[in-house]
Amino acid sequence: MSQNLSIGIIGMGSMGSFVARAILSGKVPGVKLLAVAEVRPLPEDLARELEAH
């Protein structure tokens, strides 16, 4: 039986944004990005990508 894993990412620096983009592009099968947390404003391009999903 296959189950999906929902995750949240804390910190959207270079590593967090890399992982988020990999998940959103489907490169990590079985994983759904549920939430992100960041204390600084996100770059506009990343914010648009996250909003689209």
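Counted the way the working numbering counts, the sequence shown spans residues 1322 to 1374.
Glycine residues also receive a C-beta, built at the ideal position from the N, C-alpha and C atoms.
Note that the coordinates shown come from a computational prediction; the quantities given were computed from them, not determined experimentally.
Strand pairing of residue i, partner residues [DSSP]
i	result
residue 1335	DSSP lists no partner for residue 1335.
residue 1358	1331
residue 1352	1326
Residue i vs residue j beta-carbon contact at 8 Å
i	j	result
residue 1367	residue 1328	no
residue 1347	residue 1323	no
residue 1332	residue 1359	yes
Backbone secondary structure at residue i - three-state DSSP
i	result
residue 1345	helix
residue 1363	coil
Heavy atom of the ligand ZN within 7 Å of residue i beta-carbon
i	result
residue 1334	For the ligand ZN, the structure offers nothing, since it holds no ligand at all.
Alpha-carbon spacing of residue i relative to residue j, whole angstroms
i	j	result
residue 1365	residue 1345	16 Å
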